[in-house]
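Q: In the working numbering, the protein residues as written are 15 to 580.
Before I ask anything, here is the structure I am working with.
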Ligand code: PEP
Ligand code: MG
């Protein structure tokens, strides 16, 4: 039996057949001069392109017929693009000018995508479809599998290097039963998606590339292991997982066994997430990632558009807390109107709150739009700034909030300097929310998107837990007569791990914000421990030698995790 170790990012135990995601198509080269000069090359290439366009469109239409909702729409739009006359004419011109067939398609798609992008709005969003179609046309011509999630008549475990955001549009959880990637980290897009869909998932599974297509494997998303030759033990574990009772629906009151309240809030990226979060019983929104409303846009969204986007979230939580994070542009979330894509080191660059110095006005206008949306709804709206590193930045943000008429501003603690100096950083504001995804990458100096650093990029790292403890202590020290308490929440992915959630509560964290799917499991585990037990488990984790020991020690003390298959 052979076992491959990775990082478990979404729990669940399952046996299934592997299907591999085809690798991306590389930029093609021109064929030799002799082939290009051969008689009839252009005519033959044009005919092959037309035929490939038809075949790709037919394949996509067939898949659209089997997909639902947004997935079906994406596939239908891409099918139209495969036979788009502008794309084919532009490629035809390049062929006539002496280019080879594949480079002609490649460059034509680039030209058409750039033109669509320059038109903005809906047309700009179609640019990604053109580039997707380009890869499909070339795969068709080469006779290799099209990039993206494979088709299969039966459910399968998806094996990939990593998933791009575009792949996720067509990921159907009825088809894909688990995810294993050889790259990606615990904070990667794949991990966040898997948790949102409730799919067992393992990232950074080095060696998974060698698993043969079609073999049966066993995936344990909590342990982070893939067994390529499942035996009776794995079959029993998978059967037990499949037969587990349904998790109790979250009743909307996060609490420990002895009644210590821990509000469980949701992380959302817009109105549709907020609808799902409210339905899942979220006690409010702990993180509205406003940049998700405007990703890929090259112009600042207007006032009315912003008011509508924020209002779509507020309307779902009347009388409840909704924490709006101001635009967190940069690194993994580029916003062309705020960030410089050519920075050599974007994670350490002008991102988050730092963009407000170089692009003055955007933040003030966003705060004004948030205030206008808040005035039109009943939600208790709070704002917080991402990537605050110093007390001066916290003071500057609080001043901007005061101008916008937004009371009780907060800061995200994601940079170690803010955790170490929490007392002075929190004094100018009313609350803090710890972004463990970034806090981990900056504490360990490990890019959160890099698979080779996934083991470092683990929020169970005792150094990260120590910084959380320091933040809570700093928040207590920052208390004064006007505001004795500056609550500290966590809104990074750490809050969605039921075992780590217990540790966070034991460290003094006041509320937890997570993907809506994690609310029920986190609530179920939290209800089984008293606050004093959480404090002891937190001490165990902080004192542990490393993340694996911390995780193992805490999990061993929480048998409920195994009972619930978490
Ligand atoms: C974080 O860094 O933990 C966080 C919540 O923000 P994001 O993942 O959007 O950077
Ligand atoms: Mg962050």
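Don't be surprised by glycine CBs; every beta carbon is placed ideally from N, CA and C.
These figures come from a predicted structure and were not determined experimentally.
What residue range is occupied by the uninterrupted beta strand (DSSP E) comprising residue 303?
A: 298-303
Q: CB-CB under 7 Å to residue 241, same chain, minus the five flanking residues each way: which ones, in chain order?
A: 15, 17, 231, 232 and 248
Q: Using 10 angstroms around the beta-carbon of residue 495, count the other beta-carbons present and answer buried if the total reaches 16, otherwise exposed.
A: exposed
Q: Do you know offhand how far residue 174's Cα is from residue 208's?
A: 13 Å
Q: Under the three-state reduction of DSSP, which class applies to residue 449: helix, strand or coil?
A: If DSSP states are grouped into helix, strand and coil, residue 449 belongs with coil.
Q: Run through the DSSP bridge pairs and tell me what residue 225 is partnered with.
A: Paired residues: none, contrary to the question.
Q: For residue 555 and residue 296, I'd like the C-alpha separation in whole angstroms.
A: 27 Å
Q: Using a 10 Å radius around the Cβ and a threshold of 16 neighbouring Cβ atoms, would you call residue 30 buried or exposed?
A: buried
Q: Quick one: using the 10 Å Cβ neighbour count with 16 as the cut-off for buried, is residue 287 buried or exposed?
A: buried
Q: Which runs of the beta strand (DSSP E) at least 3 residues long sit entirely within the region 263-300? Give them in chain order.
A: 278-282
Q: Taking all protein chains shown into account, decide if residue 37 is buried (16 or more other Cβ within 10 angstroms of its Cβ) or exposed.
A: exposed
Q: Can you name the start and end residues of the alpha helix (DSSP H) that residue 565 belongs to?
A: 561-570
Q: The alpha helix (DSSP H) with residue 415 in it runs from where to where?
A: 405-418
Q: DSSP beta-bridge partners for residue 230?
A: 31
Q: For residue 420, which residues from the same chain have a beta carbon less than 7 Å from its beta carbon, with the 5 sequence-adjacent residues on both sides left out?
A: 381, 384, 385 and 397
Q: Taking 7 Å as the limit between beta carbons, can you name the residues of its chain near residue 252, skipping five residues before and five after?
A: 27, 28, 29 and 232
Q: Tell me which residue opens and which closes the beta strand (DSSP E) that residue 475 is part of.
A: Per DSSP, residue 475 belongs to no beta strand (DSSP E) and is neither H nor E.
Q: Taking the alpha carbon of residue 126 as the reference point, which residue from 101, 117, 114 and 113 has its own alpha carbon closest?
A: For residue 126, the nearest C-alpha among the options comes from 101.
Q: Using CA coordinates, which residue listed in 51, 104 and 218 is at the minimum distance from residue 19?
A: Looking at 51, 104 and 218, the one whose alpha-carbon comes closest to that of residue 19 is 218.
Q: Across the region 527-537 and the region 508-518, are there enough close Cβ pairs to call them in contact, namely three or more that are closer than 8 Å?
A: yes
Q: As a quick check of your reading: which residues have a C-beta less than 6 Å from at least one non-hydrogen atom of ligand 1, in chain order?
A: The set, ordered by position in the chain, is 301, 303, 342, 428, 449, 450, 451, 452, 505 and 506.
Q: Do residue 66 and residue 185 have their CB atoms nearer than 7 Å?
A: no
Q: Could you check which residue in 540, 579 and 464 has the C-alpha nearest to that of residue 264?
A: 540
Q: For residue 318, count the other beta carbons within 10 Å of its own beta carbon; 16 or more makes it buried, fewer makes it exposed. Which is it?
A: exposed
Q: Within 10 angstroms of the Cβ of residue 424, are there 16 or more other Cβ atoms? Answer buried if so, exposed if not.
A: buried
Q: So, do the region 145-159 and the region 189-206 have three or more beta carbon pairs nearer to each other than 8 Å?
A: no
Q: With DSSP collapsed to three states, give me the class of residue 542.
A: coil
Q: Any chance the region 320-336 sits against the region 545-565, with 3 or more Cβ pairs inside 8 Å?
A: no
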